[in-house]
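Protein chains in written order, with the numbering used here: chain X, 1348 to 1610; chain G, 16 to 863.
The beta-carbon is built from N, C-alpha and C at its ideal position, and this holds for glycine as well.
To keep things clear, I will list the structure first and then write my remarks on it.
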């Protein structure tokens, strides 16, 4: 089912949930040095759904990891909300991830020992905090997980598992949710469900989402698509459609002498 | 295929090392036990070889055939000695007069613990003594002492030492010399020595008779040992026996070999327990490693490897690992055995020069056991691996555990079979002690396996229960959940720990029950409140002056007091315990005995009383006569039985009038019972009796509790010794816990990465792993305690007919085991927890 026209997000007036300036990230040294990010500056507006695209090795995953405080940058600055995260120690970064960031992984990464509900409450449990039951209830209802709460991950389908993972990411109402190829392991139908939920969480809950993907139709659910190639931002597409994403990819693939995924 | 196996092994070094530690330890213990046993034997042989070095023939008294356990020594007479000296083939003769004595240290207490104190004649050449200070004794009132005696007694040159034997009263001697032994030793195997003049030594050992313990003869030039032996035969006659020096040393060696081989079996037993524990560990590690490689194995199956090839591949890996690890273990074991030998040599034998003997059996057995155990342990995981369907290669890994119903049912059956074996063995269903013992031991082994199989089933409820303790912490809850997520793995890991704990708990329970039963019997049968007795570890029984008994009977608050002399005498040609007391009727009363027939009052000379069982054994009754020859007596006495006592452990034996005590092993009483009058203050009476015995430092006044503690002190030592040895099995088990945790952490890298990514701190990660570890360890300890109590109870029940009627739980020890389990869990968690907390988040959550 094609999406109904999303209400036009007013990007320019919204403050940035994530603000990256002049990010430089290189691995190795000397001859073997690989520069993953070359002076990347990008802002992700609060309450917006942004996709990051790019061919393998373009630096899109590195960018996300740096933004989420999982990887460190060699130069530049990353702000999550009001917090400058470059230079924070492991403890502070851990707390930041716990309180201000939600994660959705390609492999779902649920704890097999916990039920769906316990997995959803995991971030709050780790923080030793009590989750807001009204909010959790709303997230669960939106994701249609109410009758799956007592199930263990092994008893759930891939789509259901990823929906539990989505609920977990939103449970603490984080400043931003980073989704790393969230539909990479799902069939078309489940992918659609997950993407529609991400869309709704932005529209209905004002959630900020940054999603790394290589799937143009997934990217089409976003408000904006940032294209990376060779460690640099090469395109910035607003209100994408699957076709415009594909066109853009073809366009910059011709300019950049890197082997793309050619989709 | 082999190449793939080798490459695979190289890629998993850490896991291989963890697995091989178990094999190394098991093999090492076996090799060490064998080397230690052989080396102690070799060292003792060397020491034995030093005895009478240079002598050709040794003459010693004939030991009566039926008096192997005799308490009093016979000697070689002066006439025989003179005849030997008169022989033309004899160049020189050296005499030895020696036996145990009691000497008092500077604290007035008897010197020495388990090692004896010996009296010897100065001039004895049985060993090489080296004077360090002063001189040898020249008069009856002088003594030279060994260096070890100086350190143990606190006395030194110029001091006076009080000493007495069974034959003599306490006598003061002046210490005129201090000596050591060749090789700069302070003692011979830890014993202390007092060297007197030959006459004084004969007074102490032989009650003044001019006889000798041994006579060592050196032949004239050109006379061989055998020729000398033949030449001396007529002089020695029937009174003594002569044997060549070599035969004498061979006899000594054979005697000590019995003791050392016993130690060897003991150590080997514990080595086998360690190996048994490592079977669990190895099997578990292989299971986990293979579980982590299912995809790889499925891929190999998919590209055409047969099931047999998979099994062979796993077994080849196990074989290679077992070979390398057991060779390393054998090497370490031989080294440890050699190291322990010098430790034992220094601390127990007091010899600096130890001989290390490495029997071929040591490395061979160690390698064989290590290799076989490793391959057998890997067999089950290998077969399971081969059953991996090729399609697994394409699937995502998360798989539900297989049901454990089959294992549980098998476990129950096996446990029942084992328990049946124990019960049959202990109730002596089979013919012969060995068969019964074997049935019980094999049964116990089978029970272990059964309970180990049941652990998977038990782990869910028990771990959940344990988990309640941690539920306040979320990290703790996750740890507890992790501990129960793979019941088989947790179970096997815990089972390894269980074995050691079971054995110590069972032993401790049994010994505690024995103690409690003794105490109960004691309390219910013995009416006397106080005991007068010496330490159980003294060289000769502590005795006291019987004249003091009258003072004790006259003391305020004493209702009755009965003294006891005892002897191991020949009664109608059989060895029997014979007691003497001035007040037999009173003694029977105080000991809670019962007279069945005849009378026990006022035993006169030539009259005796005996318990029913002993009388039946000889087929005699009241009015019949028996002959008795006492330890020190040379002639037999005739006795008429006047009374029969009911069988009662406290009063069993023969009773005669104390006028015979002079011929007893202990001519003076060794024990007395004091019955405190009703209403009298026990503490006051104790003090009163103590003051009467002020000049008898060897004995003390004890109440029931003190007396029991002293009598049962050996049980405490036994428990400690067994716990020390089983600590090794525990170490193997700890490695098992570490192994399981490290492998689990490796398996869960992605999960740990996710948890860290979404905000779990390093501290929380550490706590999570630690709780998992402690939970597994506590689970193992609880299983072990449960099984141990059960085994202890079964054995105790089987021993009820032998008087072990009480079942007692060693609560303090059990609490200590639980504490130790927590400690084990904490220690085992360190490495895996650090590893988990340092997991590379990016690496863990990346999926390429």
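- Of the candidates G:520, G:278, G:252, the residue whose Cα lies closest to the Cα of residue 77 of chain G is G:252.
- Using a 10 angstroms sphere on the CB of residue 530 of chain G, the tally of other CB atoms reaches 16 or more, which defines it as buried.
- Taking the CA atoms as reference points, residue 536 of chain G sits about 48 Å from residue 376 of chain G.
- Of the residues assessed, residue 788 of chain G falls on the buried side of the cut-off, its CB having 16 or more other CB atoms within 10 angstroms.
- For the stretch 1495–1507 of chain X, the set of positions with a beta-carbon nearer than 8 Å to some beta-carbon of chain G reads 1500, 1501 in chain order.
- In the structure shown, residue 220 of chain G adopts helical secondary structure according to DSSP, grouped into three states.
- Taking 8 Å as the cut-off between beta carbons, the residues of the stretch 848–862 of chain G near chain X are 856, 857, 860, 861, 862, in sequence order.
- In the structure shown, the three-state DSSP call for residue 651 of chain G is coil.
- Straight through space, the alpha carbons of residue 107 of chain G and residue 192 of chain G are spaced by roughly 26 Å.
- Around the Cβ of residue 449 of chain G, a 10 Å sphere holds fewer than 16 other Cβ atoms; the residue is exposed.
- Contact note: residue 1466 of chain X does not reach chain G at a C-beta cutoff of 9 Å; the least C-beta distance is about 10 Å.
- Cβ-Cβ separation between residue 512 of chain G and residue 796 of chain G: approximately 7 Å, consistent with a contact (criterion under 8 Å).
- For residue 732 of chain G, there is no enclosing beta strand (DSSP E); the enclosing alpha helix (DSSP H) covers residues 728–762.
- Under the Cβ distance rule, residue 1444 of chain X counts among the residues neighbouring chain G, one pair being separated by less than 8 Å.
- Taking a cut-off of 8 Å for Cβ pairs, the stretch 260–272 of chain G and the stretch 52–67 of chain G touch, as three or more such pairs fall below it.
- Taking C-beta atoms as the reference points, residue 203 of chain G and residue 164 of chain G fail to come closer than 8 Å.
- Within the model, the alpha-carbon separation for residue 383 of chain G versus residue 1408 of chain X is close to 54 Å.
- Put simply, the stretch 298–317 of chain G does not touch the stretch 344–359 of chain G. Fewer than three CB pairs are less than 8 Å apart.
- Rounded to the nearest whole angstrom, the CA to CA distance from residue 280 of chain G to residue 389 of chain G is 23 Å.
- Around the beta carbon of residue 1369 of chain X, fewer than 16 other beta carbons lie within 10 angstroms, which makes this residue exposed.
- Shown here for residue 464 of chain G: same chain residues with a beta carbon closer than 6 Å to its own, the five before and five after excluded, namely 429 in chain order.
- Using a CB distance cut-off of 8 Å, residue 1461 of chain X counts as an interface residue toward chain G.
- Any Cβ of chain G closer than 8 Å to the Cβ of residue 1430 of chain X would place that residue at the interface, and such an atom is absent.
- At a cut-off of 8 Å between C-beta atoms, residue 772 of chain G counts as an interface residue with respect to chain X.
- Beta bridge pairing from DSSP links residue 159 of chain G with G:192, G:210.
- Bounds of any alpha helix (DSSP H) do not take in residue 1585 of chain X; it lies within the beta strand (DSSP E) bounded by 1579–1585.
- For residue 1438 of chain X and residue 776 of chain G, the gap between their C-alpha atoms comes out near 7 Å.
- Residue environment analysis places residue 150 of chain G among the exposed positions, since fewer than 16 neighbouring C-beta atoms fall within 10 angstroms of its C-beta.
- Apart from the 5 residues on each side of it in sequence, residue 461 of chain G sits with its Cβ closer than 7 Å to the Cβ of 429, 432, 433, 436 in its chain, given in chain order.
- At least one CB of chain G lies nearer than 8 Å to the CB of residue 1473 of chain X.
- Taking 7 Å as the upper bound on Cβ-Cβ separation, chain G lies near residues 1412, 1417, 1418 of the stretch 1392–1423 of chain X.
- Taking 8 Å as the cut-off between beta carbons, the residues of the stretch 776–803 of chain G near chain X are 776, 777, 779, in sequence order.
- Per the C-alpha coordinates, the member of G:457, G:36, G:475 positioned closest to residue 749 of chain G is G:36.
- Chain order gives no chain G residues near residue 1477 of chain X, where near means a beta carbon separation below 9 Å; the closest approach is about 12 Å.
- Residue 309 of chain G is outside the set of residues whose beta carbon lies under 8 Å from a beta carbon in chain X.
- Comparing alpha carbon positions, the residue from X:1587, X:1534, X:1517, X:1579 closest to residue 1450 of chain X is X:1517.
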